[in-house]
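For the record, the sequence lines run as chains A and B. Residue 402 is where the first sequence starts when you use this note's numbering, and the numbers rise one by one after that. Residue 402 is where the second sequence starts when you use this note's numbering, and the numbers rise one by one after that. Backbone N, C-alpha and C fix where the C-beta goes; we use that ideal spot for every residue, glycine too. Quantities reported herein were computed from a predicted structural model and do not represent experimental measurements. Notes follow once the structure below has been shown.
There are 2 protein chains.
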Amino acid sequence: MEIKKEDMDSIKSLSEVTADTIVKHIVSEGLGKGDKLPNEKILCELLGVGRSTLREAVRMLSSRNILVVKHGSGIYVSDKPGVSQDPLGFTFIKDKKRLVHDLVEFRMILEPRVAALAAQNRTKEQLIKLETQAAVVEELIEQGKSHAQADSEFHSLLGEMSGNSVLPNLEPIIFKAIDLFIDLSQSKLSHDTIGEHRAIVDAIRSGKSVDANDAMVAHLLNNKIFILKVLEQENF
Amino acid sequence: MEIKKEDMDSIKSLSEVTADTIVKHIVSEGLGKGDKLPNEKILCELLGVGRSTLREAVRMLSSRNILVVKHGSGIYVSDKPGVSQDPLGFTFIKDKKRLVHDLVEFRMILEPRVAALAAQNRTKEQLIKLETQAAVVEELIEQGKSHAQADSEFHSLLGEMSGNSVLPNLEPIIFKAIDLFIDLSQSKLSHDTIGEHRAIVDAIRSGKSVDANDAMVAHLLNNKIFILKVLEQENF
């Protein structure tokens with residue numbers, strides 16, 4: 402029987418099948434971030450494949466940010482398993498100005514609700530973490546240092562406090578993507594940020610979801626106006 | 402000089418470097434979905450690598466859904482370049498019941514606004530496509546056939562009509578993820594869906610963003626109640 406082209410396309414290589422099996426193994430064994438896999442020799446025996454097939458499978462899973470190979474140490478489950486660097490393919494959206502605009506619009510949809518959920522669902526421990534992170538951002542701003550990374554962590558914490566398991570995976574992606582295309586680290590926005598973050602933290606501390614929602618709207622609106630101005634000025 | 406372990410980890414293999422170069426090539430040449438890359442021989446010359454290195458790089462990019470290899474035909478840019486099958490790592494979230502709940506919550510945040518934007522920004526051509534798709538869903542429901550895929554396309558169309566370039570990349574991921582964990586295709590929800598979809602289409606046809614928002618809220622609320630009931634019954 403002749404094999405058709407369409408069939409050929411759907412036939413997976415041995416390394417692809419092996420990669421799928423490793424994923425199933427991670428899930429069924431309940432392995433989580435940072436957990437170590439058995440060594441190469443044992444993996445080859447378990448999976449019934451040769452070393453070169455295994456290595457190719459591991460490289461595939463590394464490129465999808467599922468595994469991390471630490472040389473001389475072993476193979477580990479990644480810290481954010483399965484969430485690759487640019488999981489929504491932003492690299493391939495051609496109009497970068499429009500992309501930044503659309504990402505800001507997306508944050509306007511998402512983050513006020515995230516803040517409201519955080520006010521409702523946060524634990525005491527999470528509140529302390531948030532207050533600490535807000536203080537780190539303030540200090541960086543007052544020292545005139547870049548606060549982009551610390552700011553991103555502040556917003557990621559809110560995602561975790563929302564109690565929704567999907568939102569924390571999304572937040573840093575959106576944040577990082579904007580950061581990729583536009584450098585706001587040395588912006589004049591810094592001093593507004595301090596007051597706006599404080600308003601968000603206050604609302605979350607007192608468990609007021611509506612206030613947290615509105616404080617986030619105010620913060621993001623200021624951000625949006627500023628970013629659109631930068632885009633215009635820089636003839637981006 | 403001795404190379405430290407940490408340094409070893411950051412050294413990329415030749416195939417990883419080659420993969421990065423191919424991505425840069427796609428972006429700088431402005432290649433888009435479905436575009437064909439030069440053949441293997443030319444690529445090897447362009448990139449200055451051997452055939453086995455190239456093939457490994459191409460396999461890596463295939464696993465990240467950036468390239469598609471069609472046997473006997475060539476190497477193409479994928480239809481949704483860079484958006485891999487499970488880009489947010491849902492496979493690795495252990496509590497599936499909570500995940501479904503959280504995905505439904507996420508849709509409740511996102512989709513009413515998507516519908517409102519669609520009512521404001523849609524073109525005539527997009528409206529016709531949406532009406533056609535709504536008819537397809539209705540027909541499948543009336544024939545008692547699975548309408549999951551057609552339903553997903555209905556919601557994806559709304560993402561495109563929103564005029565936001567980020568939202569269409571997100572919609573199908575969320576939708577598919579829910580679908581992965583819970584089969585709703587044969588649900589009793591079907592007949593409600595017809596009326597609810599019609600209300601959404603009507604609002605979008607007449608350009609009424611508020612009505613579109615509210616129609617989507619009603620649709621998703623019904624969905625949410627139904628899904629939570631299924632989860633409970635099935636002791637999921």
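>> Less than 8 Å between CB atoms is the rule here; does D503(B) satisfy it with respect to chain A?
In response: In the second sequence, the residue the question calls residue 503(B) occupies position 102. Closer than 8 Å: yes.
>> Counting only beta-carbon separations shorter than 8 Å, does E615(B) have a partner in chain A?
In response: Against the second sequence, residue 615(B) aligns to sequence position 214. Here the sequence assigns Asp to residue 615(B), which means Glu is not the residue at that position. For D615(B), the answer is no, since every Cβ of chain A falls outside 8 Å of its Cβ.
> Using DSSP with H/G/I as helix, E/B as strand and the rest coil, what is G694(A)?
Replying inline: It is not possible to answer for residue 694(A), since the shown part of chain A is limited to 402 through 637.
> Can you list, in chain order, the stretches of the alpha helix (DSSP H) that have 4 or more residues and sit fully within the stretch 490-561 of chain A?
Replying inline: 497-522 and 525-543
>> Here's a check: name, in chain order, each residue in its chain whose Cβ is nearer than 7 Å to the Cβ of E407(A), leaving out the five neighbours to either side.
In response: Working through the first sequence from its first residue, we reach residue 407(A) at position 6. Any reading at E407(A) must be qualified, since the residue scores a pLDDT of 42, below 50, and its modelled position is unreliable; the value itself is stated next. Result list for E407(A): empty, nothing under 7 Å.
>> My output table needs one value for V484(B): the three-state DSSP class, helix, strand or coil.
In response: Translated into positions along the second sequence, residue 484(B) becomes position 83. Three-state result, V484(B): coil.
>> Buried or exposed, going by whether 16 or more other CB atoms sit within 10 Å of the CB of P569(B)?
In response: Within the second sequence, residue 569(B) is the residue found at index 168, counting from 1. With 16 or more Cβ atoms within 10 Å of its Cβ, P569(B) is classed as buried.
> What is the DSSP secondary structure of V462(A), reduced to helix, strand or coil?
Replying inline: As a position in the first sequence, residue 462(A) is number 61, starting the count at 1. In the sequence as displayed, the identity of residue 462(A) is Leu instead of Val. DSSP places L462(A) in helix when its eight states are reduced to three.
> Cα separation between A616(B) and V484(B)?
Replying inline: The residue given as residue 616(B) occupies position 215 in the second sequence. The residue given as residue 484(B) occupies position 83 in the second sequence. CA-to-CA, the gap between A616(B) and V484(B) works out to about 29 Å.
> Of all Cβ atoms in chain A, is any one closer than 8 Å to the Cβ of D487(B)?
Replying inline: Mapped onto the second sequence, residue 487(B) falls at position 86. So, interface residue.
>> Are the CB atoms of I494(B) and S566(A) within a distance shorter than 8 Å?
In response: Residue mapping note: residue 566(A) aligns to position 165 of the first sequence, counting from 1. Residue mapping note: residue 494(B) aligns to position 93 of the second sequence, counting from 1. Going by C-beta atoms, S566(A) is nearer than 8 Å to I494(B).
> If contact means a Cβ-Cβ distance below 8 Å, which residues of the stretch 544-568 of chain B contact chain A?
Replying inline: N565, S566, V567 and L568
>> Taking the straight line between their C-alpha atoms, what separation do you get for V515(B) and I443(A)?
In response: Looking up residue 515(B) in the second sequence gives position 114. Looking up residue 443(A) in the first sequence gives position 42. The straight-line gap separating the alpha-carbon atoms of V515(B) and I443(A) is approximately 49 Å.
> Does DSSP classify L622(B) as helix, strand or coil?
Replying inline: Counting from 1 along the second sequence, the entry for residue 622(B) is found at position 221. If DSSP states are grouped into helix, strand and coil, L622(B) belongs with the helices.
> G490(B) versus chain A: which residues are under 7 Å apart at the beta carbon?
Replying inline: Taking the first residue of the second sequence as 1, we reach residue 490(B) at position 89. At a C-beta separation below 7 Å, G490(B) has these neighbours in chain A: K481, P482, G483, V484 and N570.
>> Can you tell me which residues form a DSSP beta bridge with L468(B)?
In response: For the purposes of this step, residue 468(B) is taken as the residue at position 67 of the second sequence. Looking at the DSSP assignment, L468(B) forms a beta bridge with V478(B).
> How many Å lie between R508(A) and H598(B) at the Cα?
Replying inline: As a first step, residue 508(A) is located in the first sequence; it is residue number 107 there, counting from the start. As a first step, residue 598(B) is located in the second sequence; it is residue number 197 there, counting from the start. If you take the alpha carbons of R508(A) and H598(B), they lie about 26 Å apart.
> Skipping 5 residues on each side, what residues in its chain have a beta carbon closer than 7 Å to that of L415(A)?
Replying inline: Position 14 of the first sequence, counting from 1, holds the residue named residue 415(A). Same-chain partners within the cutoff: V450 and T454.
>> Less than 8 Å between CB atoms is the rule here; does L500(A) satisfy it with respect to chain B?
In response: By one-based count along the first sequence, residue 500(A) stands at place 99. Yes, contact with chain B.
>> Using a Cβ-Cβ cutoff of 9 Å, what residues of the stretch 455-476 of chain A are near chain B? List them in chain order.
In response: E457, R460, M461, L462, S463, S464, R465, N466, I467, V469, V470, K471, H472, G473 and S474
>> So with CB distances below 9 Å, who are the chain B contacts of F507(A)?
In response: To locate residue 507(A), count along the first sequence from 1; it is residue 106. Result: L511, N565, V567, L568 and L571.
>> Whole angstroms are fine: how far does the CA of P439(A) sit from the CA of K525(B)?
In response: Start at 1 with the first residue of the second sequence, and residue 525(B) comes out as number 124. Start at 1 with the first residue of the first sequence, and residue 439(A) comes out as number 38. Cα to Cα, K525(B) sits roughly 57 Å from P439(A).
> What residues in the stretch 416-433 of chain A bring their beta carbon closer than 8 Å to a beta carbon of chain B?
Replying inline: Residues S416, E417, A420, V424, I427, V428, G431 and G433.
>> Tell me which residue opens and which closes the alpha helix (DSSP H) that K437(A) is part of.
In response: Here the question's residue 437(A) lines up with position 36 in the first sequence. Note, K437(A): premise wrong, no alpha helix (DSSP H); not H, not E.
> What's the gap between the Cα of G475(A) and the Cα of K437(A)?
Replying inline: By 1-based counting over the first sequence, the position of residue 475(A) is 74. By 1-based counting over the first sequence, the position of residue 437(A) is 36. Going by the C-alpha atoms only, they are around 7 Å apart.
> Rounded to whole angstroms, how far is the Cβ of H556(B) from the Cβ of E572(B), which I believe are closer than 8 Å?
Replying inline: Mapped onto the second sequence, residue 556(B) falls at position 155. Mapped onto the second sequence, residue 572(B) falls at position 171. About 6 Å separates the two Cβ atoms, so the contact holds.
> CA-CA distance, A458(A) and A619(A)?
Replying inline: The sequence position of residue 458(A) within the first sequence is 57, counting from 1. The sequence position of residue 619(A) within the first sequence is 218, counting from 1. So the two alpha carbons sit approximately 47 Å from each other.
> Whose C-alpha, out of A420(B), G431(B) and L489(B), is nearest the C-alpha of C445(B)?
Replying inline: Numbered from 1 along the second sequence, position 44 holds the residue referred to as residue 445(B). If we check each option's Cα against that of C445(B), A420(B) comes out closest.
> What residues from chain A crowd round I494(B), counting only those whose CB sits closer than 7 Å?
Replying inline: Mapped onto the second sequence, residue 494(B) falls at position 93. Within chain A, the residues near I494(B) are S566.
>> Can you check which of these residues, D552(B), L518(B), L504(B) and A517(B), is closest to E532(B) by C-alpha distance?
In response: Taking the first residue of the second sequence as position 1, residue 532(B) is located at position 131. Among D552(B), L518(B), L504(B) and A517(B), the Cα nearest to that of E532(B) is on D552(B).
> From T492(A) to I427(B), what distance separates their C-alpha atoms?
Replying inline: Walking along the first sequence from the start, residue 492(A) turns up at place 91. Walking along the second sequence from the start, residue 427(B) turns up at place 26. So the two alpha carbons sit approximately 10 Å from each other.
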